[in-house]
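Numbering (this note's numbering), first residue to last: 37 to 702. Glycine included, each C-beta is placed from N, C-alpha and C at the ideal position. Just so you know, these numbers come straight off a predicted model, no measurement behind them. Working notes, beginning with the structure itself.
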RNA sequence: GCCGGCGUGGCGCAACUGGCAGCGCAUCCGACUUGUAAUCGGAAGGUUAGGGGUUCGAGUCCCCUCGCCGGCUCCA
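Following this line, the structure appears as structure tokens:
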């Protein structure tokens, strides 16, 4: 029996250990429940890994990214075992870890019912309690096929192994060597098994906290031509407290849901009479939207943009030229057919015209550029419009303001010379980030999406454009990732993401260098030398969609907007009826300074009025009774509940005006 | 578009296995005139999303349509 040295690393601290041949990794961490797996070299292994001479073993902690993934994936196995025990005919799909949890897909005769989820969860608890061991075993392809002959989807995965398709699926098979994990009970029998790359927790008991969340249908391998399987979603965490925190975050997200707050704060609605995904803005939502737009307008004016206005519909030909009808007809509302004339026999004398609602503003802005000959002296030409577009989104995807069928882009198209391109992109990106900051968003990241397989134009132009975009990103200092092949067919792009107040990431702005439209529309400008050149064209949406951005801000602020955006900035509350005139006078003063103020002279108690204003998340309340009227003062109450009594009227007006103008959230 | 769930006054909800559609908030009217998150009393408001069917009888069971929700696919 020989001995050798290994290096053990845990949380950054390494130590030498002497071990005997055959020692398993878990013996190194026997009294350390946070260690769920290990890393040897760059290979993740189970704790059942047999140590070799000179190994450097790094502990994988349950709270780390990898540790969580292992926990969640192991929980997915438990879910699958539970399902197959309760539904013996269920066939296994795949069961990967995802953000905050896991899912597992099953082919079952009947979709899961809410009741079934309860039963599955109880069964999972039983399995966890049984403390089954996750036991790894290497198998040949043939052995795997034989053992999993009842699992058609697993067989398909085995067949896919090594094929060129294997990385665009979530296939777990990956490596050349197939492995099967057995769930072994204490008496040594195998309760369940699954084809899996691993690694896993040592035992099911090591799952501290989990919950099944919901069921849904999902296409096998994500392809809508394939059969739909039943997907079971769950979440798993290192502790009960972590699980509770997660559930509380979900509840918080639900409380902030802009569809709910939109009703509570009377901002907007989606009348069924109009149609799905088509919002109407009520006065409160209207004023909020107007404040957002006004500020953006002002900044665009300062930024050298020129404002244009274009129609909502256009003849078919325009979208033929732009290529929209060729590429995206499904995403467009069907046309209205106009102008057809028939003779008395009903024969068509003059063919009609199809008019489509526009799905984008670009072709219209291009026509503005093309309206006359353009000189290099005019470039860069920055056209801007709040342009309302209509897209016939599939019925299942429409979602409040964040995915609507009619929405307004803060759309800009910039035409520039080749040597202006890089500079223009860099200043654009800065402009975008600065403006988003002004709306209260603080954390940004970006994706650079490059040439897809299916593209138009000259690869050389793509390279130039991609380089210019990347350069802009580097100058901006925004953290970014390259999304290889994710660009639109006509343009590489930068997508800017923001993080909201509860940590969710939203994609907002896009910057695209268009490599198709200038050609398609034969755009040119005249150079200093008198020659004609093709301009570069940049698409830029900042909010993306005003409606969507508004929805995101509602959720970001949970409806408690900073004063400059709040639909009602001040509510004045007279303690008794006789104080009404005093406050109305003050309100008039505020109004003359551009403040949105309401006087609540309803027949209610003061306390009730405070409550109402509080629930409407109004930033400031000005309350006045006899004492205040005598002193020419008001009692100043913030949304936070803090108050300053006996503030002089001038001081109160000043404070409010200052807060609104500074666009800070007080 | 696909799978599942849901649809009761403006909003939030109730109505046992099929048996008189009800409550709270909001609204309107009246009284009260109050010092920092809900004053009291009264009234009005519903073809139970729409249509069809089963039944002596349907909010409840069945079918179709519309809409919404959760996912999948999609998001130029």
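Mapping the DSSP letters down to three states, classify residue 652 as helix, strand or coil.
Numbered from 1 along the first chain, position 616 holds the residue referred to as residue 652. Of the three classes helix, strand and coil, the one that applies to residue 652 here is coil, per DSSP.
I need the DSSP call for residue 200, collapsed to helix, strand or coil.
Here residue 200 refers to the residue found at position 164 when the first chain is read from its first residue. Bear in mind that a pLDDT of 47 at residue 200, under 50, signals an unreliable position, so the number given afterwards is only what the model happens to contain. The answer is helix: DSSP assigns residue 200 an H, G or I state.
Per-residue DSSP class, three states only, for residue 127
Along the first chain, one-based indexing puts residue 127 at 91. If DSSP states are grouped into helix, strand and coil, residue 127 belongs with the strands.
Out of 433, 672, 416, 439, state which residue places its alpha-carbon closest to the alpha-carbon of residue 425.
As a position in the first chain, residue 425 is number 389, starting the count at 1. Nearest C-alpha to residue 425: 439.
First and last residue of the uninterrupted alpha helix (DSSP H) at residue 398
Sequence index remark: in the first chain, residue 398 carries index 362 (1-based). Residue 398 -> alpha helix (DSSP H) spans 398-406.
Would you kindly check if the distance between the Cβ of residue 526 and the Cβ of residue 410 is under 8 Å?
As a first step, residue 410 is located in the first chain; it is residue number 374 there, counting from the start. As a first step, residue 526 is located in the first chain; it is residue number 490 there, counting from the start. Not a contact, by the Cβ cut-off of 8 Å.
What three-state label does DSSP hand residue 378 in the structure shown?
In the first chain, the residue the question calls residue 378 occupies position 342. Residue 378 falls in the strand class under three-state DSSP.
Which residues does DSSP list as the beta-bridge partners of residue 347?
Walking along the first chain from the start, residue 347 turns up at place 311. Residue 347 is not bridged to any residue.
Can you tell me whether residue 583 is buried or exposed, with buried defined as 16 or more other CB within 10 angstroms of its CB?
Within the first chain, residue 583 is the residue found at index 547, counting from 1. It is buried - the Cβ of residue 583 has at least 16 other Cβ atoms within 10 Å.
Give the DSSP-derived three-state secondary structure of residue 279 in the structure shown.
Taking the first residue of the first chain as position 1, residue 279 is located at position 243. Three-state DSSP puts residue 279 in a helix.
Expressed to the nearest angstrom, what Euclidean distance is found between the alpha-carbon atoms of residue 133 and residue 274?
Here residue 133 corresponds to residue number 97 of the first chain, with the count starting at 1. Here residue 274 corresponds to residue number 238 of the first chain, with the count starting at 1. If I take the Cα positions, the gap works out to 14 Å.
How do the region 469-487 and the region 323-338 stand: do at least 3 beta-carbon pairs fall below 8 Å, yes or no?
yes
Excluding five sequence neighbours on each side, which residues of the same chain lie with their C-beta closer than 7 Å to the C-beta of residue 699?
Within the first chain, numbered from 1, the residue matching residue 699 stands at position 663. Taken in chain order, the residues that qualify are 474, 598, 600.
Rank 350, 470, 214, 156 by C-alpha distance to the C-alpha of residue 184 and give the top, closest one.
If you number the first chain from 1, residue 184 lands on position 148. For residue 184, the nearest C-alpha among the options comes from 214.
Inter-residue spacing [alpha-carbon to alpha-carbon] between residue 241 and residue 157:
Residue numbering aside, residue 241 sits at position 205 when the first chain is read from its first letter. Residue numbering aside, residue 157 sits at position 121 when the first chain is read from its first letter. Straight-line Cα distance between these residues: approximately 15 Å.
What did DSSP end up calling residue 121 once you bin it into helix, strand or coil?
Locating residue 121 in the first chain gives position 85, counting from the first residue. If DSSP states are grouped into helix, strand and coil, residue 121 belongs with the helices.
Residue 306, enclosing beta strand (DSSP E) - first and last residue
Translated into the one-based positions of the first chain, residue 306 becomes position 270. That residue, residue 306, is in no beta strand (DSSP E); it is neither H nor E in DSSP.
Locate the alpha helix (DSSP H) running through residue 492, then write down its first and last residues.
The count along the first chain starts at 1 and reaches residue 492 at position 456. No alpha helix (DSSP H) holds residue 492; DSSP gives it neither H nor E.
Reduced DSSP category for residue 225 - H, G, I as helix; E, B as strand; rest coil
Numbered from its first residue, the first chain carries residue 225 at position 189. It is coil, neither helix nor strand.
Per DSSP, which residues does residue 657 bridge with? Please list them.
Locating residue 657 in the first chain gives position 621, where the first residue counts as 1. In DSSP, residue 657 forms a bridge with 607, 673.
Should the region 682-698 be regarded as contacting the region 653-672, the criterion being three or more beta carbon pairs within less than 8 Å?
yes
Please identify the residue among 429, 395, 479, 405 whose C-alpha is closest to the C-alpha of residue 444.
On the first chain, residue 444 is found 408 positions in, with the first residue counted as 1. Ranking 429, 395, 479, 405 by Cα distance to residue 444 puts 395 first.
Please state whether DSSP places residue 168 in a helix, a strand or coil.
As a first step, residue 168 must be located in the first chain, where it is residue number 132. Residue state, collapsed to three classes: coil.
Bridge partner(s) assigned by DSSP for residue 418
The sequence position of residue 418 within the first chain is 382, counting from 1. Beta-bridge pairing links residue 418 to 450.
Where residue 206 sits in the DSSP three-state scheme
As a working mapping, residue 206 is identified with position 170 in the first chain. At residue 206 the pLDDT is 38, less than 50, meaning the model places this residue with poor confidence; the figure from the coordinates comes in the next sentence. Note: residue 206 maps to coil in three-state DSSP.
Mind checking who residue 95 pairs with in its DSSP beta bridge?
Counting from one through the first chain, the residue named residue 95 turns up at place 59. According to DSSP, which records beta bridges pairwise, residue 95 is partnered with 74.
Helix, strand or coil, according to DSSP, for residue 106 in the structure here?
The residue labelled residue 106 in the question sits at position 70 within the first chain. DSSP places residue 106 in helix when its eight states are reduced to three.
Beta strand (DSSP E) segment containing residue 252, residue limits:
Locating residue 252 in the first chain gives position 216, where the first residue counts as 1. First-last of the beta strand (DSSP E) with residue 252: 245-255.
For residue 54, count the other beta carbons within 10 Å of its own beta carbon; 16 or more makes it buried, fewer makes it exposed. Which is it?
For the purposes of this step, residue 54 is taken as residue 18 along the first chain, with counting starting at 1. Exposed, because fewer than 16 other Cβ atoms sit within 10 Å of the Cβ of residue 54.
Please name the residue, chosen from 622, 637, 177, 279, that lies closest to residue 631 on a Cα-to-Cα basis.
Taking the first chain and counting its residues from 1, one reaches residue 631 at position 595. Out of 622, 637, 177, 279, 622 has the C-alpha closest to the C-alpha of residue 631.
Can you tell me whether residue 538 is buried or exposed, with buried defined as 16 or more other CB within 10 angstroms of its CB?
Here residue 538 refers to the residue found at position 502 of the first chain. Classification for residue 538: exposed.
Could you check whether residue 375 and residue 389 sit closer than 8 Å to each other, using their CB atoms as the reference points?
Sequence index remark: in the first chain, residue 389 carries index 353 (1-based). Sequence index remark: in the first chain, residue 375 carries index 339 (1-based). Cβ distance < 8 Å, so residue 389 and residue 375 count as in contact.
Assuming contact is defined by CB atoms lying nearer than 8 Å, are residue 116 and residue 140 in contact in what I supplied?
By one-based count along the first chain, residue 116 stands at place 80. By one-based count along the first chain, residue 140 stands at place 104. Yes; because the gap between Cβ atoms is below 8 Å, this pair is in contact.
From 129, 71, 292, pick the residue whose C-alpha is nearest to that of residue 101; which is it?
The residue labelled residue 101 in the question sits at position 65 within the first chain. When each option's Cα is compared against that of residue 101, the closest is 71.
Alpha carbon to alpha carbon, how far is residue 557 from residue 507?
As a first step, residue 557 must be located in the first chain, where it is residue number 521. As a first step, residue 507 must be located in the first chain, where it is residue number 471. In a straight line, the C-alpha of residue 557 is about 28 Å away from that of residue 507.
Please state the DSSP three-state secondary structure of residue 533.
For the purposes of this step, residue 533 is taken as residue 497 along the first chain, with counting starting at 1. Correct three-state label for residue 533: strand.
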